[in-house]
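A.B. asks: Here it is: the structure, laid out below.
4 protein chains.
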Amino acid sequence: MSGNAFGNRLTVTLFGESHGAAIGCVIDGLAPGLSFDWDEVRREMKRRAPGQNSMSTPRKEADAFEIVSGYFDDHTTGTPLTAIIRNTNQHSRDYGEMKYKMRPGHADYSGYIKYGGFGDYRGGGHFSGRITAPLVFAGALARQVLRKEGITIGSHILSIGSVKDRPFSPMGETKEVLEGLTHEVLPVLEKDRADVMKKEILSAAGEKDSVGGIIECMAVGIPSGWGDPFFDSVESVLSHLLFSVPAVKGVAFGDGFAMAGARGSEMNDAMRMKDGHVTTTSNHNGGILGGITNGMPIRFTAAIKPTASIGKEQQTVNMSTMTNTSISVGGRHDPCIVPRAVPVIEAVMALGLLMIQEDDSVYGK
Amino acid sequence: MSGNAFGNRLTVTLFGESHGAAIGCVIDGLAPGLSFDWDEVRREMKRRAPGQNSMSTPRKEADAFEIVSGYFDDHTTGTPLTAIIRNTNQHSRDYGEMKYKMRPGHADYSGYIKYGGFGDYRGGGHFSGRITAPLVFAGALARQVLRKEGITIGSHILSIGSVKDRPFSPMGETKEVLEGLTHEVLPVLEKDRADVMKKEILSAAGEKDSVGGIIECMAVGIPSGWGDPFFDSVESVLSHLLFSVPAVKGVAFGDGFAMAGARGSEMNDAMRMKDGHVTTTSNHNGGILGGITNGMPIRFTAAIKPTASIGKEQQTVNMSTMTNTSISVGGRHDPCIVPRAVPVIEAVMALGLLMIQEDDSVYGK
Amino acid sequence: MSGNAFGNRLTVTLFGESHGAAIGCVIDGLAPGLSFDWDEVRREMKRRAPGQNSMSTPRKEADAFEIVSGYFDDHTTGTPLTAIIRNTNQHSRDYGEMKYKMRPGHADYSGYIKYGGFGDYRGGGHFSGRITAPLVFAGALARQVLRKEGITIGSHILSIGSVKDRPFSPMGETKEVLEGLTHEVLPVLEKDRADVMKKEILSAAGEKDSVGGIIECMAVGIPSGWGDPFFDSVESVLSHLLFSVPAVKGVAFGDGFAMAGARGSEMNDAMRMKDGHVTTTSNHNGGILGGITNGMPIRFTAAIKPTASIGKEQQTVNMSTMTNTSISVGGRHDPCIVPRAVPVIEAVMALGLLMIQEDDSVYGK
Amino acid sequence: MSGNAFGNRLTVTLFGESHGAAIGCVIDGLAPGLSFDWDEVRREMKRRAPGQNSMSTPRKEADAFEIVSGYFDDHTTGTPLTAIIRNTNQHSRDYGEMKYKMRPGHADYSGYIKYGGFGDYRGGGHFSGRITAPLVFAGALARQVLRKEGITIGSHILSIGSVKDRPFSPMGETKEVLEGLTHEVLPVLEKDRADVMKKEILSAAGEKDSVGGIIECMAVGIPSGWGDPFFDSVESVLSHLLFSVPAVKGVAFGDGFAMAGARGSEMNDAMRMKDGHVTTTSNHNGGILGGITNGMPIRFTAAIKPTASIGKEQQTVNMSTMTNTSISVGGRHDPCIVPRAVPVIEAVMALGLLMIQEDDSVYGK
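For the record, the sequence lines run as chains A, B, C and D. So for the first sequence, numbering that gives the first Met the number 0 puts the first residue at 0; every next one is plus one. So for the second sequence, numbering that gives the first Met the number 0 puts the first residue at 0; every next one is plus one. So for the third sequence, numbering that gives the first Met the number 0 puts the first residue at 0; every next one is plus one. So for the fourth sequence, numbering that gives the first Met the number 0 puts the first residue at 0; every next one is plus one.
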C-alpha cells in the first residue's frame, strides 16, 4: 500500500501540505448508519489546533473541516467519508531560503533526497505536523464508534523533560478519569504537575530551545480476542500508526522496557476467575499477549522528541551551494509539541483499535 | 492483508505450528538472478536454533530447510521462493492438559478466545517462538542481498536483567565489529559482560525463573532517501515487524525514550558537508528523519520480556472447568530467550530494510 | 484494501456522491518532478462530462477540478495529489421517492441491502457514473506519464447496438490514429459509421429506451516484461479496473472469445527476429502472454450494457411498503453511455498500465 | 501485494514450478473450527489432474497433497493452512533446448524478458498450468465452506471449438444439476454434446493441433448485498481471479457482450415481490448490479484459448543466438485444456466468493 493510506477493511488516506490549498483525509470502510457528534469532533480538533495558549505556536488555524462525501441525512452512507480542511493562515513571506537550507532534526534533508528537491518545502510541506489534523479528525470518529461498544480511551503526559507524572494504574483507570483527562491542556494524574511541566516548557522557550516528553495512553473495555499473531499483532498495528506520527521515537506496551530488567515470575500476569470471567491479577503485559487482546486495559507509552524547530543557532548545510551554513529557525513553532500530540496519540489508538476490530480475520464470526 | 503475510512488492508469508508437520515461509518478490550462500543461511538458522547450549531449551531441532520453489540453477527465479522446515523433535507426550490450562504470560488465553479453542495448543502452536525460524531464514536471504549493496547489520545484547553492555556508538560501528558480533552466543561490545550475563541467566534458571533483556541493532551503509512520511515511515515498517516477534514489548529508534527528557538543541543532529557529501555530526535520531533515512546508521533497541514459560508455580485458570488452578510449566524452555532472539531481530531488520527499498514509492526512479 | 482504493505503489482512492458536496480522488505514488499539461486534463474531463450534445444527459457539470495537494511549483511533489470536483448542478427537487423505489438495472436494490438503506440515494449516490470523473482525471495524468515513455492509448466504438465499426488492426494502429480518435465524440475507424451510430442512439432515445455498445481500446509502445504470472497478470489488473467502471459487463483481451472457437495453430503468434528485436507476426493474444507483456500492442474490448435509466415504464418494488409498483425513470439520463464511457475506459487502461509498471516486482532493477 | 497472493482477510498464496520439488499454497484467514471432507477435496483435485483420459496429457501426477499446517484435530486452527504437492513425474530428459527456444503462445518469451533468463524454464516453470493444482485445492475448501451457507457452484462447457452446449438458464439451475455436472469429464447440459465435443478435441489432437472453448459457471444461493462499488465489485474480484488462470482471455457476466447489442428495456431485470422477498423476473445482469449481488444466481462465461503447446511446426526465435528457428512442441500436452480448466474456474469462483464475503466492508455487521 502506498505510504499515505493505512488499514485493510477500514482505511484512512491522508493528504495535504502545510501551506497548500487544503489538507484532509478519506476514511473508507466505516459501517453505514453511524451518526456522529460533530461538536465533539470539533473539540478533539481544537485540542490539537495551534495557537491555543502560550505553550504553542501562535499560528492560528481554525481547522474547520468540511465533509464532502460519505455522510448523508445525519448518518454515514457506508461509502468513503472525506473531510477537507482549508489552510487559511499561511504566511505570504518568502520561503525561498527554506528550499535549500536544511533544518536539523527535521525531514528537510531526507525529504529533499527522496523527492529530488520537488517536495513542497513551505512549512515542512507534507511532513508538517499539520497533517495530523486529519488524523485527529479520523480518530475522533473512531473514538465515538468505540465508545458505543463500551471502549474508553484516555491519556496523560507522563513526563515533560525531567518533570514526571505518576503512571496509569496498570489494572485500569475509570472511564471518568480517562474522559476527564481529555479536557485538560496538560493532562496529568497528579494535578500539581501541570504547572511544573508548563514551567519546564516556558523555560525551554525562553532559551529559544524546545523540550520533549512521554505520553501514556490507555484503552479500557476492549474484549479479549482482538488482533492476530505475528504481522497483525495489536502491538504491530498500533506501533505502525504511532511511529507514523511525527516526533514519536519510542513505543512500549505494558511495562515495556522495564520488563527487560525483570524476571518471568514478576512479569507473568497470573490468571483468576472473577464473577465467571477470566481476569488477570496484574497487567504487566498491557492487555496484549501473543499479539491478541486478553481483555485487560491496553496501555502504552510513546516517546516524543523535542520540537526540531528552535530559535537557537544550529549548524547546517545549503543544498543549493552544497556548503556549510547556520540556521536559526524563526517563525512560529511550539517549544514543546507534547500537549498537542496527546490528541494525536489518542486518535491513533482509536483508529488502530477500530481497524483491528474491522480487519480481524476471525472475531465476530 | 492477512496477519501472516507482510510486505507489498516483497512479501513474506509465514506458516506452521510448533508440533505440526512443518513450518516455513513463502518469499515473493525477490529479484531474479540472486545467488545465495546457503552455508551462511544455515549458520543464521543455527544461531536461533534451540539446544545449542546450557542457556537454551534442550529441544533439539536441526531446523534443516528444504527449498521447494523459486530457486533454480543456483539462482532465484523471480517467482515465490518457498522453504519448508520439518518439525522433528516433537514430544509424543500427552498435551491434553495444555489444551485448557492457560500458561500465564503466554498467548494461551488470548488465542483460546480468538480461535474458539480450535488452535493447536501443543507447544504454543502457531504462537510458538519456533515460527521465527522461517523469519530468520527469510532475513538471512535479505541480509545477503543488502550486503551486496554495501549494507551491514549487526546487534548486541544491551542488557540481560540488570547486567548492561555499553551501547553502540551512534555514529556507527565498523562492518567488522557488526559482522563479528554475529559469531557470538552472547554478543556484547565489552567482552567481559558476556560471562556476567550468562551468570544472570543461569541464576534465573536455577530459581525455575526466567529473565529478559534488551537488544540493540544497527545497520550501516543505508543510503539517504529510503522510506516514506506517515504510514510507511521506516520506523513504522520496522516496528511493525519487530512487534511481530514474540516477546518484544518495546521499540525505540535513535536515542529513543531518552529524547523525551532532552532539549531540541541536544537532539537535533547538526549537518555538515564532508568530502562533498552531507553528513550529520551526531546521530540522536538513529538515521531516520520524517520517516526517511538520512544516510546515517539506523539504530534501535528492542525490549524482550522474560520467557513466559517458568518452572515456578503460578496461579491460572482451567478453561474447561472454568475454575482456578495452578501451573508449573514443565518441559523444555529457555530461561532467557534474548540470545536466541538476536538473530530474529537482525532478520527482521534485514527484511524490513529490503522491503522498504523494494516498496519505496520513489527511490531509484 | 477497501473498495474505493486500488493499486499498491501507485494508488487511486475515489470518493463522493452524485449529489453530495464534491467528488474527487487521491493519487498516491506519483513520482516527484512530473509536470502536467492541465489543458489536456481538462479536455479529457470534457470528453466524459455530461451535457455536451444531444446524445447525452442535459445535466451540465463543468467538472472543474481543484488540486488541493501534491502539486507545487508546476511539479508533482511525490506526496498525495488530491483533486476535488464540486457538484454544482444538483437539482433541488425532492428525491424522496427514489429512496424506496428501486430502478431496475441499477444498484438501487443491491446497494440498499448492502448499506441498510443509509446510502445516499440521490442520483445514484456513490454508484453514480459521475464518480468516473475523478477516474478520468487520474487517468489523464497517467496517460501523460506514459506518453513520455513512448506509450500511446486510444480507443474507438466497435459497436452501438447492432451498428459495427471495423476492429483495430491487431498489429497496432499508429499513434496518430490513436490520438486522433480522442478528439471525436463518436470515435470510429470507418468514419461513416459515426452517423449511423448516432441514429441508433437517437432512435433508442425516441423510444424512451437506451442502447449499449462495445469499446475497443489499444495501447502501443509497451515494453515487454511488464506484469506478473497469476494474480498480478496484466489481464487481471486491467480487468479488475475495467469491471470497476459502472455498466461494463464483459472484457476480452486480444481475439478474446473468438480464441475459444479456434485452433492453437491459428492463435499462437509466431515469433521472428526483426531489426535485432523479437517480434510476432500476428497478435491474437493482445500483447499479453502468461500475464506479461510481450512488446506487442495491448488490445481489449469492453462490453457496455445499455443505460439502466429509461423513460419506459418498468415493473419494480417499493422497499418501504414492500409492494410491487412501477417506475418510469424521469430526469436527465443518457440514451447511450458508450461515447462518454470511452474516455473512462482509456483512463482505466492508462492507470492500470502505470500501476503495473510501478508495482512490477522486477522490471527496471 | 505481490503477484502470487490474493485476498485481504482471506488470502491465498501460490508457489511452485512444474519441475521443481513441490507446488502448493498457503491459505490464511480461514475461520477456526471448520472441518473438511478431504475425499471431496481429492475428487476435485482429480478432476484437474493430468493423465485421466485420452483427451489429456499422459503425464501422471497423483497430485497428492500434504497439509503441513493449520489443520489440527480435524478442524482448521484459524492460522495459515498450508498444502504441499510434490512433483513426482518430472521427466529427466534434457530441457536445455527449451531454455532458449521460445514456444509461441506461451509465456516463454515474456517471462524470459521479465526474469532476465533466470526463470525455471522446465515445463513452463511457474507459468505451468500445473500451478492451478493448489488453486483447485484452495477452491475445494472454499466450496465446502460456501455449501454450508447454502451456496452451490457448478459449470459446464458452453463450447469446444465450434461445438456448442445450451447455456445455463439465467434464472438458475437446481443444486442437483450444478452438483451433478461436477462428476462429468465433459460436463454439458445437453448430454449428447459431450461426444461431439470429444470428437472435436480428438480431431484437433489428430492434426497435432489444439482447440479452445468456453466455460460457463454459475453460483446459486448467494445473498444480496455482497461486494462493493468500484474497485471491489464482485465482477472486479472474480475477473481478477479468472484472468489469473492461464489461458483465460475473456470474461463476461450475465448476458455479457450480448448486452452491448441490446436495449435497456430488454436488459433491465424487472423487480417483483415474491413470498415477501424481492426478486427479479429475469437475470440478464448475472446476479450483480453496481458491483453488488442482488440475490439472483451469479453467472459468467470464461473464454479459454486453445492450448499453446502443439505438435505442428511453428516459427519462433532462439534467445541465445537471437536468430529465427522453428519448433514442434513435443512431449506431453493436452489437445484441449478446457475440460481440466472447468474445476479451476469453479475453484476460482468459490475462492472469489468466499473472499468477497470475508473482505466485505459492511455485510454482517
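All C-beta atoms, glycine included, are put in the ideal place defined by N, C-alpha and C. The structure presented is a predicted model; accordingly, all values stated were derived computationally and were not measured.
To which residues of the same chain is methionine 196 (chain C) closer than 6 Å at the C-beta, ignoring the five residues directly before and after it?
C.D. replies: Here residue 196 (chain C) corresponds to residue number 197 of the third sequence, with the count starting at 1. Contacts found: Ile159, Val162, Leu185.
A.B. asks: Quick one: residues in its chain with C-beta nearer than 7 Å to the C-beta of leucine 350 (chain D), no 5 flanking neighbours on either side, listed in chain order?
C.D. replies: As a position in the fourth sequence, residue 350 (chain D) is number 351, starting the count at 1. Cβ neighbours of leucine 350 (chain D) beyond the five flanking positions: Val11, Ala137, Gly138, Ala141, Leu240.
A.B. asks: Under a three-way DSSP split, which group does lysine 364 (chain D) fall into?
C.D. replies: Here residue 364 (chain D) is taken as the residue at index 365 of the fourth sequence, counted from 1. Because the pLDDT of lysine 364 (chain D) is 40, which lies under 50, any placement of that residue in the model is unreliable, and the question is left without a value.
A.B. asks: Name the chain D residues whose beta carbon is nearer than 9 Å to that of asparagine 7 (chain A)?
C.D. replies: Translated into positions along the first sequence, residue 7 (chain A) becomes position 8. Under the 9 Å cutoff, chain D gives Asn7, Arg8, Asp358.
A.B. asks: Within the continuous alpha helix (DSSP H) that includes glutamine 143 (chain D), where are the two ends?
C.D. replies: By 1-based counting over the fourth sequence, the position of residue 143 (chain D) is 144. Taken as a continuous stretch (DSSP letters only), the alpha helix (DSSP H) holding glutamine 143 (chain D) covers 131–147.
A.B. asks: State yes or no: is the C-beta of valine 343 (chain D) nearer than 7 Å to some heavy atom of the ligand NAD?
C.D. replies: Of the ligands one can find in the structure shown there are none, so the ligand NAD has no counterpart to examine.
A.B. asks: Look up serine 34 (chain C) in the DSSP assignment and say whether it is helix, strand or coil.
C.D. replies: Mapped onto the third sequence, residue 34 (chain C) falls at position 35. Coil at serine 34 (chain C), not helix or strand.
A.B. asks: With 7 Å as the C-beta to C-beta threshold (strictly closer), list the residues of the stretch 200–211 of chain D near chain C in chain order.
C.D. replies: Those residues of the stretch 200–211 of chain D that come within reach of chain C (Cβ to Cβ, closer than 7 Å) are Ala203, Asp208, Ser209, Val210, Gly211.
A.B. asks: When we look at the beta-carbon of glutamate 60 (chain A) and count the other beta-carbons within 10 Å, is it buried (16 or more) or exposed?
C.D. replies: Reading the first sequence from its first residue, position 61 is the one you call residue 60 (chain A). Buried, since its Cβ has 16 or more Cβ neighbours within 10 Å.
A.B. asks: Determine, using beta carbons only, whether glycine 211 (chain A) and glycine 289 (chain B) come nearer to each other than 8 Å.
C.D. replies: Counted from its first residue, the first sequence places residue 211 (chain A) at position 212. Counted from its first residue, the second sequence places residue 289 (chain B) at position 290. In this structure, glycine 289 (chain B) does not lie closer than 8 Å to glycine 211 (chain A) by Cβ.
A.B. asks: Between alanine 82 (chain A) and glycine 28 (chain C), what straight-line distance do the alpha-carbon atoms span, to the nearest angstrom?
C.D. replies: One-based indexing of the first sequence puts residue 82 (chain A) at position 83. One-based indexing of the third sequence puts residue 28 (chain C) at position 29. So the alpha carbons of these two residues sit roughly 21 Å apart.
A.B. asks: Against chain D, which members of the stretch 44–64 of chain C pass a CB distance test of less than 7 Å?
C.D. replies: Across the stretch 44–64 of chain C, no CB contact with chain D closer than 7 Å is found for any residue.
A.B. asks: Bridge partners for serine 154 (chain A) per DSSP, in chain order?
C.D. replies: The sequence position of residue 154 (chain A) within the first sequence is 155, counting from 1. In DSSP, serine 154 (chain A) forms a bridge with A:Cys216.
A.B. asks: Consult DSSP for histidine 239 (chain A) and reduce its assignment to one of helix, strand or coil.
C.D. replies: Residue mapping note: residue 239 (chain A) aligns to position 240 of the first sequence, counting from 1. If DSSP states are grouped into helix, strand and coil, histidine 239 (chain A) belongs with the helices.
A.B. asks: Report the partner residues of leucine 80 (chain B) according to the DSSP bridge assignment.
C.D. replies: Here the question's residue 80 (chain B) lines up with position 81 in the second sequence. Note: leucine 80 (chain B) sits in a beta bridge opposite B:Ile26.
A.B. asks: Got a sec? Which residues, its chain only, sit under 8 Å from glycine 329 (chain C) by beta carbon, not counting five neighbours each side?
C.D. replies: For the purposes of this step, residue 329 (chain C) is identified with residue 330 of the third sequence, where counting begins at 1. These residues qualify, in order along the chain: Gly310.
A.B. asks: Counting contacts by CB-CB distance shorter than 8 Å, is phenylalanine 256 (chain C) in contact with chain A?
C.D. replies: What you label residue 256 (chain C) is simply residue 257 of the third sequence in a count that begins at 1. No, its Cβ sits nowhere closer than 8 Å to a Cβ of chain A.
A.B. asks: Mind listing which residues of the stretch 94–119 of chain A have their C-beta closer than 9 Å to chain C's C-betas, in chain order?
C.D. replies: Gly110, Lys113, Tyr114, Gly115, Gly116, Phe117, Gly118, Asp119
A.B. asks: Can you pull out the residues from the stretch 257–272 of chain D whose beta carbon lies closer than 9 Å to at least one beta carbon of chain C?
C.D. replies: Interface annotation for the stretch 257–272 of chain D against chain C: Ala257, Met258, Ala259, Gly260, Ala261, Arg262, Gly263, Ser264, Glu265, Met266, Asn267, Asp268, Ala269, Met270, Arg271, Met272, criterion Cβ-Cβ distance under 9 Å.
A.B. asks: So who's on the other strand from leucine 288 (chain D), going by DSSP bridges?
C.D. replies: As a working note, residue 288 (chain D) is residue 289 in the fourth sequence. Bridge partners of leucine 288 (chain D): D:Ile291.
A.B. asks: If you reduce the DSSP assignment to three classes, tell me which class tyrosine 120 (chain B) lands in.
C.D. replies: On the second sequence, residue 120 (chain B) is found 121 positions in, with the first residue counted as 1. It is coil, neither helix nor strand.
A.B. asks: Verify the CB distance criterion: does phenylalanine 136 (chain C) have a CB-CB separation below 8 Å to chain D?
C.D. replies: For the purposes of this step, residue 136 (chain C) is identified with residue 137 of the third sequence, where counting begins at 1. No - not a single Cβ of chain D is within 8 Å of the one on phenylalanine 136 (chain C).
A.B. asks: Would you mind giving the Cβ-Cβ distance between alanine 365 (chain D) and asparagine 267 (chain C), rounded to the nearest angstrom? I have them listed as a contact below 8 Å.
C.D. replies: This structure does not reach residue 365 (chain D), given that chain D is present from 0 up to 364, and the question cannot be answered.
A.B. asks: Per DSSP, what are the beta-bridge partners of arginine 298 (chain A) in this structure?
C.D. replies: For this step, residue 298 (chain A) is matched to residue 299 along the first sequence. Looking at the DSSP assignment, arginine 298 (chain A) forms a beta bridge with A:Met217.
A.B. asks: Please list the partners that threonine 81 (chain B) has in chain A, where partner means a Cβ-to-Cβ separation under 9 Å.
C.D. replies: Here the question's residue 81 (chain B) lines up with position 82 in the second sequence. The premise fails here: threonine 81 (chain B) is roughly 17 Å from chain A at the closest Cβ pair, so nothing lies under 9 Å.
A.B. asks: State the Cα-Cα distance for the pair aspartate 119 (chain C) and glycine 6 (chain D), rounded to the nearest angstrom.
C.D. replies: For the purposes of this step, residue 119 (chain C) is taken as residue 120 along the third sequence, with counting starting at 1. For the purposes of this step, residue 6 (chain D) is taken as residue 7 along the fourth sequence, with counting starting at 1. When only Cα atoms are considered, aspartate 119 (chain C) and glycine 6 (chain D) end up about 28 Å apart.
A.B. asks: Do valine 277 (chain D) and valine 316 (chain C) come within 8 Å of each other at the CB atom, strictly closer than that value?
C.D. replies: Mapped onto the third sequence, residue 316 (chain C) falls at position 317. Mapped onto the fourth sequence, residue 277 (chain D) falls at position 278. Yes, they are a contact pair.
A.B. asks: For isoleucine 355 (chain A), decide whether its Cβ has a neighbour in chain C, counting only Cβ atoms nearer than 8 Å.
C.D. replies: Along the first sequence, one-based indexing puts residue 355 (chain A) at 356. With 8 Å as the cut-off, isoleucine 355 (chain A) does not count as an interface residue toward chain C.
A.B. asks: What's the gap between the Cα of tryptophan 225 (chain A) and the Cα of serine 232 (chain C)?
C.D. replies: Counting from one through the first sequence, the residue named residue 225 (chain A) turns up at place 226. Counting from one through the third sequence, the residue named residue 232 (chain C) turns up at place 233. Cα to Cα, tryptophan 225 (chain A) sits roughly 34 Å from serine 232 (chain C).
A.B. asks: I'd like to know if the stretch 257–272 of chain B and the stretch 293–305 of chain A are in contact, where contact means that at least 3 CB-CB pairs between them fall below 8 Å.
C.D. replies: yes
A.B. asks: Taking the C-alpha atoms as reference points, what is the distance between threonine 280 (chain C) and threonine 292 (chain C)?
C.D. replies: Within the third sequence, the letter at position 281 stands for residue 280 (chain C). Within the third sequence, the letter at position 293 stands for residue 292 (chain C). The alpha-carbon atoms of threonine 280 (chain C) and threonine 292 (chain C) are separated by roughly 16 Å.
A.B. asks: With H, G and I counted as helix, E and B as strand and the rest as coil, what does DSSP make of glycine 15 (chain C)?
C.D. replies: In the third sequence, counting from the first residue as 1, residue 15 (chain C) sits at position 16. Residue state, collapsed to three classes: strand.
A.B. asks: Please name the residue, chosen from C:Ser168, C:Ala218, C:Asp164, that lies closest to aspartate 194 (chain C) on a Cα-to-Cα basis.
C.D. replies: Position 195 of the third sequence, counted from the first residue, corresponds to residue 194 (chain C). Selected option, being the one with the closest Cα: C:Asp164.
A.B. asks: Could you say if the stretch 245–254 of chain A and the stretch 174–190 of chain A meet the contact criterion of at least three C-beta pairs nearer than 8 Å?
C.D. replies: no
A.B. asks: What number of angstroms, rounded off, separates the C-alpha of isoleucine 130 (chain C) from the C-alpha of glutamate 16 (chain C)?
C.D. replies: By 1-based counting over the third sequence, the position of residue 130 (chain C) is 131. By 1-based counting over the third sequence, the position of residue 16 (chain C) is 17. If I take the Cα positions, the gap works out to 7 Å.
A.B. asks: What does leucine 188 (chain B) touch in chain A if you count any residue whose Cβ is under 8 Å from its own?
C.D. replies: On the second sequence, position 189 is the one that residue 188 (chain B) refers to. Residues of chain A passing the Cβ test: none, with the nearest at roughly 17 Å.
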